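Okay, so the sequence shown: first residue is 0 according to numbering that gives the first Met the number 0, each after it adds one. Beta carbons: idealized from backbone N, C-alpha and C, even for Gly. None of the values given here were measured: they were computed from a predicted structure.
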Amino acid sequence: MGPLERKWYVLKTISGQENKVKSYIEHEIKNNGFKEYIGKILVPIEKVIHMRKGKKIHREKVHYPGYVMIEAFLALKTIHAIKNVPGVINFLSDKKGGKAIPMRKEEVDKILGTNTDKLSNKYININLPFLIGETIKVIDGPFSGFNGTIEKINQEKRKLELSVLIFGRKTPLELNFTQIEKIL
Numbered sequence: 000m001g002p003l004e005r006k007w008y009v010l011k012t013i014s015g016q017e018n019k020v021k022s023y024i025e026h027e028i029k030n031n032g033f034k035e036y037i038g039k040i041l042v043p044i045e046k047v048i049h050m051r052k053g054k055k056i057h058r059e060k061v062h063y064p065g066y067v068m069i070e071a072f073l074a075l076k077t078i079h080a081i082k083n084v085p086g087v088i089n090f091l092s093d094k095k096g097g098k099a100i101p102m103r104k105e106e107v108d109k110i111l112g113t114n115t116d117k118l119s120n121k122y123i124n125i126n127l128p129f130l131i132g133e134t135i136k137v138i139d140g141p142f143s144g145f146n147g148t149i150e151k152i153n154q155e156k157r158k159l160e161l162s163v164l165i166f167g168r169k170t171p172l173e174l175n176f177t178q179i180e181k182i183l
């Protein structure tokens, strides 16, 4: 028998249990003769930078809470075994027959970072997007605590220009996205 043609599927899981589901599938199911049926299991994460007390804090957070990607050949016994994993709700499926639908190649490439623009290596800041004219608070640097109005945004350099009212005069500042936060 030749190698089985695996496709990528999305599993709905209990939010917060994505990594538990991944390790359970990797250890338990693969040890029970599913090696040729199940390939990679992925919990897409994004790297986030927070500013806390003037220091950059790097964190990883689950990019799609409640979802795990799995590369598998879906035979009846594979589907049954995966659905019985604690924390798994179901496969993402079509509405009519409840049949698991494989992901499109473009979706897989984007998430795996195998397409031309390597999104997976860039830091994504959760404080986006900002809007021109929006009033924000400076949380880092010499103007920490001041509020300012956004004048220009440079997405590529991850900087923006804002004007801050200091002693009754508008003062222009250029800051990184990590030095400001939205006013809630």
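By Cβ distance below 8 Å, which residues in the same chain neighbour residue i in space, the five residues on each side in sequence not counted?
i	result
K29	I37
K19	P85, G86
I78	F90, A99
Can you tell me which of the three DSSP states residue i falls into?
i	result
H62	coil
K121	In this predicted model, K121 has a pLDDT of only 46, less than 50, meaning its place in the structure is not dependable; the value taken from the coordinates is given anyway. Three-state result, K121: coil.
Y23	helix
V163	strand
V194	Outside the displayed range of the chain (0 to 183) lies residue 194, so it cannot be described from this structure.
I78	helix
Out of curiosity, what's the CA-to-CA distance linking residue i and residue j?
i	j	result
Q16	G86	6 Å
L3	F72	7 Å
K54	I48	10 Å
K136	I165	14 Å
K151	V61	30 Å
P64	T12	8 Å
S162	L130	14 Å
P101	L41	15 Å
E27	D93	28 Å
K181	I110	28 Å
K21	E155	34 Å
W7	H57	29 Å
I179	N31	51 Å
Can you confirm whether residue i, when its beta carbon is compared against all beta carbons of chain C, has any partner nearer than 8 Å?
i	result
F145	Absent from the structure: chain C. Only one protein chain is present.
Closest to residue i by C-alpha separation, out of the options, would be which residue?
i	options	result
V107	N175, T12, M68, T177	M68
R51	L10, W7, P43, D139	D139
E70	K104, K94, S14, R168	K104
E45	E35, E59, P171, K34	E59
Quick one: is residue i buried, meaning 16 or more other Cβ sit within 10 Å of its Cβ, or exposed?
i	result
G144	exposed
T177	buried
L183	exposed
G97	exposed
G132	exposed
G167	exposed
Which same chain residues end up closer than 7 Å to residue i when comparing Cβ atoms and leaving out the 5 residues on each side of it in sequence?
i	result
F142	V163, L172
A74	Y36
T170	S162, V163
Among residues of its own chain, excluding the 5 on either side of residue i, which ones have a beta-carbon nearer than 6 Å to its beta-carbon?
i	result
Y122	Because the pLDDT at Y122 is just 46, under 50, the model does not fix this residue reliably, and the value given afterwards should be weighed accordingly. These residues qualify, in order along the chain: K46, I48.
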